[in-house]
Structures are given as structure tokens and as C-alpha cells.
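Engineer: What follows is a single structure, and I will ask about it in a moment.
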Amino acid sequence: MASIITVSGLTKSYASGFQALKGVDLEIEEGEIFALLGPNGAGKTTMISIICGNVRPTGGSVTVAGHDIIRGYRGSRSAIGLVPQELHTDAFERVIDTVTFSRGLFGKTHNDAYIEKILRDLSLWDKRHNKMLELSGGMKRRVMIAKALSHEPRVLFLDEPTAGVDVELRRDMWKLIGELRQTGVTIILTTHYIEEAEEMADRVGVINKGELILVEEKTALMKKLGKKTLTVVLADPLAAVPPELAQWQVTLKADGHEMEYVFDTQAERTGVSSLLRRLGDLGIAYKDLNTEQSSLEDIFVSLVHQEKAA
Amino acid sequence: MSGFNPQGVSRFNYRAIWAIYRFELHRFARTLLTGLLVPVITTSLYFVVFGGAIGSRMTQIDGIAYAAFIVPGLIMMSMFTESIFNASFGIYMPKFSGTIYELLSAPVSAVETIIAYVGAAATKSMIVGIIIFATAHLFVDIHVAHPLAMAGFMMLIAISFCLFGFILGIWAQSFEQLQVIPLLLIMPMTFLGGAFYSIHMLAEPWRTITLFNPIVYLISGFRWTFFGRGDVGIGFSLLFIAGMLAVCLGVIGWMFRTGYRLKK
Chain B
12 MASIITVSGL TKSYASGFQA LKGVDLEIEE GEIFALLGPN GAGKTTMISI
62 ICGNVRPTGG SVTVAGHDII RGYRGSRSAI GLVPQELHTD AFERVIDTVT
112 FSRGLFGKTH NDAYIEKILR DLSLWDKRHN KMLELSGGMK RRVMIAKALS
162 HEPRVLFLDE PTAGVDVELR RDMWKLIGEL RQTGVTIILT THYIEEAEEM
212 ADRVGVINKG ELILVEEKTA LMKKLGKKTL TVVLADPLAA VPPELAQWQV
262 TLKADGHEME YVFDTQAERT GVSSLLRRLG DLGIAYKDLN TEQSSLEDIF
312 VSLVHQEKAA
Chain P
5 MSGFNPQGVS RFNYRAIWAI YRFELHRFAR TLLTGLLVPV ITTSLYFVVF
55 GGAIGSRMTQ IDGIAYAAFI VPGLIMMSMF TESIFNASFG IYMPKFSGTI
105 YELLSAPVSA VETIIAYVGA AATKSMIVGI IIFATAHLFV DIHVAHPLAM
155 AGFMMLIAIS FCLFGFILGI WAQSFEQLQV IPLLLIMPMT FLGGAFYSIH
205 MLAEPWRTIT LFNPIVYLIS GFRWTFFGRG DVGIGFSLLF IAGMLAVCLG
255 VIGWMFRTGY RLKK
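So the sequence lines, in the order shown, correspond to chains B and P. Under our numbering, think of the first position of the first sequence as 12, with each following residue one higher. Under our numbering, think of the first position of the second sequence as 5, with each following residue one higher.
Written as C-alpha cells, this is what we have:
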């Protein structure tokens, strides 16, 4: 697939000396959903803001749809729709006016049919005559997405799209993002809800302290770094781990009713069958087995942890 | 060269100018009643106080009825403050509410941004100026010596003070800073700049000191378009407006080049 965004050696330092980005390289492919993960202050929003034109880069370059963000800013910005993290809206404007305004601002011809389609897709059509201040937070977020889509961008940036949004609305948002992808729009979202990335992203990038420490296909990442946890539900509780099981480093949970064993799915020998055989040898009976894949969250935490340790 | 690139983005984004211009006029329309009533009421009050109470003892300045004499000064005074307030709020509010993210991420150049915001604010100033001019007719007979020059002068004043307001709006980091310049600088300079008297009425050294106040040249020039004469030559007045336009454009150009208080 062709790249729609190319970031090379991007740096950002502030007058205070703080380095928000320390030489980031990244290629975003057209049509993918890319999730940028990282703790607060890692540089996610800084990077997005530079690409969109809200913050000036200190060094490096970015091209969007073949246009340099500085020299060809009209071309690059025309290709981008931005939904920022904070809900910045004009309180007294009506929904339909603010969305129509955005389309004009991006230099597109008036198109009532298209605006209607966006508003209907985002369940905003019934609210089109409402003023922004009359809308709930979730609805405001939708209007901001409508504004970002109003000029038919090829890339949509969603900075923390579900921050402060209730569970139901978050599900709606995921569904919406899935639908947007069907239209061929490239989506880049930042989040610190790992489940969000896990649910939607094709690829995941992890940024920490201004450095992109990892970019990987989500499934490959899960496979590569994924650990599984085997839970053995015991027939009779154990008071302590028998010394014979020391090599597996098992732990007891639920007052000795459960035994947990963490293994690497990629290892040549996972140790699962040998553990179960040994349990049989020791006469420890069990009534159930359960394995669980570790989540992106665990992966993320361990990555950031490694960084700190290094 | 065609005006459009393949993505349909015009090289000059006149649609963005129109969108911002309409947005700003819409903002003014929301407060239309107060926006129009305030100049009418203040003008009437000035006529009652200056024209009626004081004017009856002064009768004439330079052969012009006092009530008529103050009309250009009144229009200028309101246009100075209106221009600065409208233009500064226009750009300060998006900064304050955060909606400026959209402008900064849009394919809009500095020149287009200025044309849109300053154009909208100047439009409102012109409307206010015309309303005051019309209201004045209720109180006094005015014959404008150079109507075209008067309209042109009003437009130049509106544009230069809106540019100044735009700079103020970008510079300001609080509502207080936004108010401080028009109230503590422009207002006194206007009063001392001959809005209600001819500087020839002043004794020395005040007359010479007053000549350092740029507002004197602006009011005098506008008065010239009404009565064919002013405190200083019309050439000086035009020079001062040209100077103010040049300085404001220079400052704004620098602000956009460096991203001053707009971009981190």
C-alpha cells in the first residue's frame, strides 16, 4: 500500500528546553487505522498538531498526500480532517452552520447534500438547528467529527476520541470509525485506552517521552509479545505451591483454589503439557482449565516499563 | 496557471474568506440590537450635552456651527473604538475558546485570514459610522463638502483601526489586556485629539504638544472631508493613515511569520 503520510526525523523543542519529539520517523498507509499509544505527555498530541499545522516543527519533515506540510500547506491541510482532544466549539452557532462553515474554510464548494449525509451518518440531522451550547458532550464530539469530515478529507485525525465519553457512546464511536474506514478514509487515532487500539487498529505505534519506540501490525504485536496465562482451577485448594512446581513459577490465586501459569506463546516449549503432567504425577486434581491472551495494555505497560528501566 | 489544483483547492482560498466573513457578521447580527442602539444613544447624548448645553455658549468654531463641528469627531471616536473592539474580539475569542485550532489547520493563508477578519470588523465599523452620521442629521444640518473623500476616509480609518485591533487580539492574553489599550490609550488620545474642539483653540505649549498625537491628524483629515478645512493639512492626515496601515501590516506580517501567540 502507498504511504499517505511520511514523517521523517521530526523533532520539537520548546523554548523551555523541553523536547516533546526526539526524531520521529513514521509511515502511514492509505486506508489504514493507525493507533498511536502512549502515556500522557508522551508527544502524541504534539505530533498530530505538527502534522495538522497547529504547532511548528523544530526539525525534520512531514508530507501528507505528497505535500510538504510547510511548503505545500494548502495541499496537506486540505487532505486532513482534525478532531482535537478538547471540545472546542462556538457555543452560539447552530450545528449545521458550524459544519457548513468548516467546509467553506477548507475552500470547498457549497454542498448541502453532502453536509446532510454527514449529519445523518452521525445522527446529528435532528439536532441540526440546535445551538452548540444545547448539546451534550457526546453530541459535541460528533459535531466536531462532522466538521472534520465536512471537506471530504483523505486522512482523519482523532485525538483521544473517546476521552470522557461513556461506554455506550464509546461503542458508537468505534462503530462510526469502522464505517468511516469503509469509505477509504485513513484514520489516525491517539488513545490511552488500549482496548480502543485493540478493537480497531490495523497497526499500533507506541510513543514514549517523544520517541516512537515501536510500530507494529497489531496482530503481529500481540503474537510477538503476547503472553498467555493458564489458569488451573483446582479440585481442592492448596495452602502453598509444592516445591516440585518451582520451575514453572506458578502462583496461587483465589485462596489456593486457582493456580496461574504465565507462558510465552512463541516459545519452543510452552511448558503447558509438562506442567499438567507433573500435576497428575503429584496427584493434584483440577476441574477446569482456562487460557487468556494478554492484552495490548499489558504489552504497553511492559514496553514503557522496559524504557524506564533502560 | 489555473486557479485550482487537482484536489479542488483554490490557490487563493476566497471561500474561506467568505466563510469567516459571514461567520463574523453573523456574530455581530446576534447582538444587532445593542450593536445599533448603542451608537445611536451615545451620539444623541453627545449632542444633548455638547451640542445643546455647551454648544449654545460656543456657537461657532472656524465659522462652523459647533453642533456640526463635532460630528466628524464623534464618528471618528466611535469608529476607533468599534474597530478595535470588533477586530480584537474576532481573533481573541477563537484563541480563548480554542476554536482557533480549525483556522490553524485549514488551508488558509495569513493574507486571507486578515482580509476576512479585518474586512468583517471594518464592515461593522462602517455601518456604525453611517448610523452615527444619520443620527447626527436629526440634530443638526450637515453639508458634506467631499462625500466621496468622506466615504474613502471612513473606510481607511475602519481598516487601519481594525488591523490595529487584530494585532491587539493576537497579543492579548486576557480580557483585561483586550480592553486596556482602547480604554486607556485610544479614548484619551481621541478626546485630546480635537474630537470636540479645534486645536487652534489651545494655548501654547499645548497646541504644539497636541501635534504629537497622531489622532489629531486623523480627526482633522475627516473634518476636512466635511468642511473643506481641518486643523492640519489633508496631506498630513493621509500620510498618517498610510503610516498606520504600513506599521500594522508590518506587525501582522511578522506575527504570522513567527506564529507569535498563535502557534507554539
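Glycine is no exception: its CB is placed at the ideal position from the N, C-alpha and C atoms.
According to DSSP, which residues form a beta bridge with residue 92 of chain B?
Structural biologist: The sequence position of residue 92 of chain B within the first sequence is 81, counting from 1. BP columns for residue 92 of chain B point to B/167.
Engineer: Using 8 Å as the limit for Cβ to Cβ distance, is residue 111 of chain P near chain B?
Structural biologist: Position 107 of the second sequence, counted from the start, is the residue given in the question as residue 111 of chain P. Answer yes: the Cβ-Cβ gap between residue 111 of chain P and chain B drops below 8 Å somewhere.
Engineer: Mapping DSSP to helix, strand and coil, what is residue 161 of chain P?
Structural biologist: Here the question's residue 161 of chain P lines up with position 157 in the second sequence. The three-state reading of DSSP puts residue 161 of chain P in helix, counting H, G and I together.
Engineer: Taking any Cβ of chain B, which residues in the region 205 to 223 of chain P have a Cβ under 8 Å from it, in chain order?
Structural biologist: none
Engineer: I need the straight-line Cα distance from residue 227 of chain P to residue 241 of chain P, nearest angstrom please.
Structural biologist: Taking the first residue of the second sequence as position 1, residue 227 of chain P is located at position 223. Taking the first residue of the second sequence as position 1, residue 241 of chain P is located at position 237. Their backbone Cα atoms lie some 10 Å apart in a straight line.
Engineer: Report yes or no: is there a C-beta of chain P within less than 8 Å of the C-beta of residue 97 of chain B?
Structural biologist: The count along the first sequence starts at 1 and reaches residue 97 of chain B at position 86. Residue 97 of chain B counts as touching chain P.
Engineer: Hey, does residue 20 of chain P have any beta-carbon neighbour from chain B nearer than 8 Å?
Structural biologist: Along the second sequence, one-based indexing puts residue 20 of chain P at 16. By this cut-off, residue 20 of chain P is an interface position.
Engineer: The beta strand (DSSP E) with residue 112 of chain B in it runs from where to where?
Structural biologist: In the first sequence, counting from the first residue as 1, residue 112 of chain B sits at position 101. Under the DSSP assignment, residue 112 of chain B falls outside any beta strand (DSSP E), being part of the alpha helix (DSSP H) whose first and last residues are 106 to 116.
Engineer: Go through its chain and collect everything with a Cβ distance to residue 163 of chain P's Cβ below 6 Å, but skip five positions before and after it.
Structural biologist: To locate residue 163 of chain P, count along the second sequence from 1; it is residue 159. Annotation for residue 163 of chain P: 126 place their beta carbon closer than 6 Å to its own, counting only its chain and skipping 5 residues before and after.
Engineer: Determine, using beta carbons only, whether residue 33 of chain B comes closer than 8 Å to chain P.
Structural biologist: Looking up residue 33 of chain B in the first sequence gives position 22. Taking Cβ atoms only, chain P never reaches closer than 8 Å to residue 33 of chain B, which makes this a no.
Engineer: Find the nearest neighbour of residue 212 of chain B within the set B/195, B/188, B/63, B/219, judged by alpha-carbon distance.
Structural biologist: In the first sequence, residue 212 of chain B corresponds to position 201, counting from 1. The option with the nearest alpha carbon to residue 212 of chain B is B/188.
Engineer: For the region 141 to 150 of chain B against the region 95 to 110 of chain B, do three or more pairs of beta-carbon atoms, one drawn from each stretch, fall closer than 8 Å, so that the two count as touching?
Structural biologist: Yes, the region 141 to 150 of chain B touches the region 95 to 110 of chain B.
Engineer: Give a yes or no on whether 8 Å exceeds the smallest Cβ distance from residue 158 of chain B to chain P.
Structural biologist: The count along the first sequence starts at 1 and reaches residue 158 of chain B at position 147. Yes, residue 158 of chain B lies at the interface with chain P (some Cβ there is under 8 Å from its Cβ).
Engineer: Strictly below 9 Å CB to CB, what residues from chain P border residue 311 of chain B?
Structural biologist: Numbered from its first residue, the first sequence carries residue 311 of chain B at position 300. Per Cβ cutoff of 9 Å: no residues; residue 311 of chain B is ~27 Å from chain P at best.
Engineer: Could you check where the alpha helix (DSSP H) with residue 83 of chain P kicks off and where it finishes?
Structural biologist: Taking the second sequence and counting its residues from 1, the one referred to as residue 83 of chain P is at position 79. Unbroken alpha helix (DSSP H) run through residue 83 of chain P: 70 to 101.
Engineer: Shortest alpha-carbon distance to residue 182 of chain B belongs to which of B/193, B/131, B/149?
Structural biologist: Here residue 182 of chain B is taken as the residue at index 171 of the first sequence, counted from 1. Looking at the Cα atoms, B/149 is the closest of the given residues.
Engineer: Looking only at its own chain, which residues have a Cβ that is under 6 Å from the Cβ of residue 16 of chain B, when we skip the five neighbours before and after it?
Structural biologist: The residue labelled residue 16 of chain B in the question sits at position 5 within the first sequence. Only 39, 75 meet the Cβ criterion.
Engineer: Quick test of the definition: if touching needs 3 or more C-beta pairs under 8 Å, does the region 195 to 203 of chain P touch the region 169 to 177 of chain P?
Structural biologist: no
Engineer: Give the range of the alpha helix (DSSP H) segment to which residue 124 of chain P is assigned.
Structural biologist: Here residue 124 of chain P refers to the residue found at position 120 when the second sequence is read from its first residue. Looking at the DSSP string, the run of the alpha helix (DSSP H) that includes residue 124 of chain P is 114 to 143.
Engineer: Starting from residue 45 of chain B, follow its DSSP beta bridges and name the residues at the other end.
Structural biologist: In the first sequence, the residue the question calls residue 45 of chain B occupies position 34. B/199, B/214.
Engineer: Measuring CA to CA, which of B/163, B/207, B/168 is closest to residue 180 of chain B?
Structural biologist: Here residue 180 of chain B corresponds to residue number 169 of the first sequence, with the count starting at 1. Nearest of B/163, B/207, B/168 to residue 180 of chain B, Cα basis: B/207.
Engineer: Closer than 8 Å by beta-carbon distance: list the chain B residues that pair up with residue 101 of chain P, in chain order.
Structural biologist: Here residue 101 of chain P corresponds to residue number 97 of the second sequence, with the count starting at 1. The contacting residues are 99, 100, 101, 102.
Engineer: Count the other CB atoms, across all protein chains shown, that sit within 10 Å of the CB of residue 128 of chain B; report buried if there are 16 or more and exposed otherwise.
Structural biologist: Stepping through the first sequence from its first residue, residue 128 of chain B is reached at position 117. Exposed.
Engineer: Might you give, ordered along the chain, the residues of its own chain that have their beta carbon closer than 6 Å to the beta carbon of residue 153 of chain B, omitting 5 neighbours on each side?
Structural biologist: Your numbering for residue 153 of chain B matches position 142 in the first sequence. Excluding positions up to five away in sequence, the list reads 133, 135.
Engineer: Going by the DSSP bridge assignment, what does residue 274 of chain B pair with across the sheet?
Structural biologist: The sequence position of residue 274 of chain B within the first sequence is 263, counting from 1. Beta-bridge pairing links residue 274 of chain B to B/239.
Engineer: Kindly give me the distance between the Cβ atoms of residue 62 of chain B and residue 73 of chain B, rounded to whole angstroms, as I take these residues to be in contact under 8 Å.
Structural biologist: In the first sequence, counting from the first residue as 1, residue 62 of chain B sits at position 51. In the first sequence, counting from the first residue as 1, residue 73 of chain B sits at position 62. Going by Cβ atoms, the distance from residue 62 of chain B to residue 73 of chain B rounds to 5 Å, so yes, they are a contact pair.
Engineer: What separation, rounded to the nearest whole angstrom, lies between the Cα atoms of residue 162 of chain B and residue 222 of chain P?
Structural biologist: To locate residue 162 of chain B, count along the first sequence from 1; it is residue 151. To locate residue 222 of chain P, count along the second sequence from 1; it is residue 218. As the crow flies, the alpha-carbon of residue 162 of chain B is around 44 Å from that of residue 222 of chain P.
Engineer: Is residue 90 of chain P close to chain B, meaning its C-beta is less than 8 Å from at least one C-beta of that chain?
Structural biologist: If you number the second sequence from 1, residue 90 of chain P lands on position 86. Residue contact with chain B for residue 90 of chain P: absent (no Cβ-Cβ distance below 8 Å to any residue of chain B).
Engineer: Strictly by DSSP, which residues pair up with residue 64 of chain P?
Structural biologist: The count along the second sequence starts at 1 and reaches residue 64 of chain P at position 60. Per DSSP, P/69.
Engineer: Would residue 25 of chain P pass as a contact of residue 120 of chain P if the rule is Cβ separation under 8 Å?
Structural biologist: Looking up residue 25 of chain P in the second sequence gives position 21. Looking up residue 120 of chain P in the second sequence gives position 116. It is a contact, given that the beta carbons lie within the stated cut-off.
Engineer: Sort B/316, B/270, B/64, B/266 by Cα distance to residue 287 of chain B and report the nearest one.
Structural biologist: For the purposes of this step, residue 287 of chain B is identified with residue 276 of the first sequence, where counting begins at 1. Comparing Cα-Cα distances from residue 287 of chain B to each of B/316, B/270, B/64, B/266, the minimum goes to B/270.
Engineer: Figure out for me which residue from P/88, P/22, P/206, P/136 has the closest Cα to the Cα of residue 75 of chain P.
Structural biologist: Along the second sequence, one-based indexing puts residue 75 of chain P at 71. Residue P/136 is the option with its Cα nearest to residue 75 of chain P.
Engineer: Using the beta-carbon count (16 or more within 10 Å), is residue 243 of chain B buried or exposed?
Structural biologist: Counting from 1 along the first sequence, the entry for residue 243 of chain B is found at position 232. Its Cβ being crowded by 16 or more others within 10 Å, residue 243 of chain B is buried.
Engineer: Just list the residues that DSSP pairs residue 301 of chain B with in beta bridges.
Structural biologist: The count along the first sequence starts at 1 and reaches residue 301 of chain B at position 290. Paired residue(s): B/242.
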